[in-house]
Amino acid sequence: MPVLSDPELVEAQSAGSAQAESEASKASIKLGRAIVLTSGKGGVGKTTTTANLGTALAVRGARVVLIDADVGLRNLDIVLGLESRVRHHLLDVLEDQVDVDEALVADKHTDRLFLLAAAQAREKDDVVTSKMQALVSSLRERFDYVLIDSPAGIELGFKNAVAGADEAIVICTPEVAAVRDVDRVVGLLGNRFRPQLVINRLRPQLVRKGKMLSVEDVNGILRLPLLGVIADEPEIIVTTNRGEPLALRAQTATGAAYHAIAARIAGEDAPVPMPPVSKPGLLERFGSLLGGKRR
Ligand SMILES: Nc1ncnc2c1ncn2[C@@H]1O[C@H](COP(=O)(O)OP(=O)(O)OP(=O)(O)O)[C@@H](O)[C@H]1O
Ligand SMILES: [Mg+2]
């Protein structure tokens, strides 16, 4: 598969963004923001973050549309609990089979949140970049935020997810491989996307013991504006299986962390909450009673 060079990517994005801006200024429409969530490495939490952030932004009163750009491997619909409502998908819209309104699925938990699902039985390369740009441009006229869930990798699927976006959120887990991949992606994105960082799946206990990279370790390498830090949270797996993003429970520490990210995106000067160090489990407590041998 072809890997994109930086100029190709910037050129594709600039064209889409410039087109959207000139059309909007002609009609004096205030455009929403199109933000791609990406990472390079797979399985680090792009889809989970997209669902939770979209939910948090909508709960705060914004109109939000989520685009699952992971063509062939869709799962944003599952995380949102919307899989039984999906009738049409992104490629149906891009190929003019249906109108975008026929394909948008309304969220069942939150007003103002909509999903455009990915096609399951198609290939990432089936997406025509210019069509994707035009779609994102038109959605920016109707929504405050268009969040685009990118596939892993830096090939065409990534390029199509980025086309039409104006900003990027990069998701990184505290692992050396993930940091290296984010570094590569940030290099490809360039400054125009003003990439901001979310560190996902942090385990403060392990950081304390020197067994996991800390926020400072990760961002000492990446040096990006830090948007948020999300704990490694067993409840995420439960809520994903139920199709109820944890951001619906803003009173939980992790739910609140997603809301803090939403607040910062909306321009508030909200602090970045650090995941709390949870109480030690039974094994850990007995381990320390036995002279700290169990580590
Ligand atoms: N903060 C978290 N705590 C615990 N588990 C998490 C967290 N974030 C994501 N996960 C889990 O990690 C797995 C991968 O998450 P997700 O699908 O969001 O990653 P992704 O980056 O979108 O993956 P892909 O590259 O395959 O699209 C899922 O099982 C998800 O439930
Ligand atoms: Mg995903």
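Numbering (the numbering used here), first residue to last: -4 to 290.
Cβ coordinates follow ideal geometry from the N, Cα and C atoms, glycine included.
Burial state of residue i (16 or more Cβ within 10 Å)
i, result
"ARG69", "buried"
"ILE256", "buried"
"ALA46", "buried"
"ALA101", "exposed"
"ASN155", "buried"
"ASN195", "buried"
"ILE24", "exposed"
"GLY182", "exposed"
"PRO266", "exposed"
"GLY37", "exposed"
"ARG218", "exposed"
"GLN128", "buried"
"ALA116", "exposed"
"SER79", "exposed"
"GLY148", "buried"
"GLY215", "exposed"
"GLY56", "exposed"
Any non-hydrogen atom of ligand 2 closer than 7 Å to residue i Cβ
i, result
"ASP176", "no"
"THR33", "no"
"LYS36", "no"
"LYS41", "yes"
"ASP106", "no"
"ASP65", "yes"
Residue i versus residue j - alpha carbon distance
i, j, result
"ARG135", "LYS204", "45 Å"
"GLU211", "VAL95", "42 Å"
"PRO271", "PRO229", "14 Å"
"MET(-4)", "LEU85", "The predicted position of MET(-4) is uncertain, since its pLDDT is 45 and thus under 50; a value taken from the coordinates is nonetheless stated next. Distance between the alpha carbons of MET(-4) and LEU85: 22 Å."
"SER273", "VAL213", "22 Å"
"VAL131", "ALA173", "28 Å"
"LEU151", "ALA258", "32 Å"
"ASP72", "VAL81", "8 Å"
"PRO146", "LEU32", "9 Å"
"LYS288", "PRO199", "Bear in mind that the predicted position of LYS288 carries a pLDDT of just 46, short of 50, making it too unreliable to give a figure here."
"HIS104", "GLU97", "20 Å"
"GLY185", "LEU52", "26 Å"
"VAL224", "ALA252", "7 Å"
"PRO220", "PRO268", "14 Å"
"ASP65", "GLY250", "25 Å"
"MET296", "ARG179", "With the chain covering only -4 through 290, there is no way to say anything about residue 296."
"ILE260", "LEU111", "21 Å"
"ARG290", "LEU201", "Residue placement at ARG290 cannot be trusted, given a pLDDT of 39 that sits under 50; the coordinates are not used to answer."
"SER133", "GLU90", "15 Å"
"GLU263", "ASP176", "29 Å"
"LEU77", "ALA248", "25 Å"
Any non-hydrogen atom of ligand 1 closer than 7 Å to residue i Cβ
i, result
"ASP292", "Any answer about residue 292 is impossible in this case: the structure gives the chain only from -4 up to 290."
"ILE301", "Past the edges of the chain, shown from -4 to 290, lies residue 301, and the structure says nothing about it."
"THR235", "yes"
"ILE231", "yes"
"GLU239", "no"
"ASN195", "yes"
"ALA147", "yes"
"GLU228", "yes"
"ILE225", "yes"
Cutoff 8 Å: residue i Cβ touching any chain B Cβ
i, result
"ALA158", "Any reference to chain B falls outside this structure, which holds one protein chain only."
Three or more C-beta pairs under 8 Å: does that hold for the segment 151 to 166 against the segment 228 to 236?
no
Check whether the segment 23 to 43 touches the segment 120 to 130, taking contact to mean three or more Cβ pairs, one atom from each stretch, closer than 8 Å.
Segment contact: the segment 23 to 43 against the segment 120 to 130, fewer than three CB-CB distances shorter than 8 Å; contact not assigned.
Three Cβ pairs or more, each shorter than 8 Å: is that satisfied between the segment 60 to 69 and the segment 135 to 144?
yes
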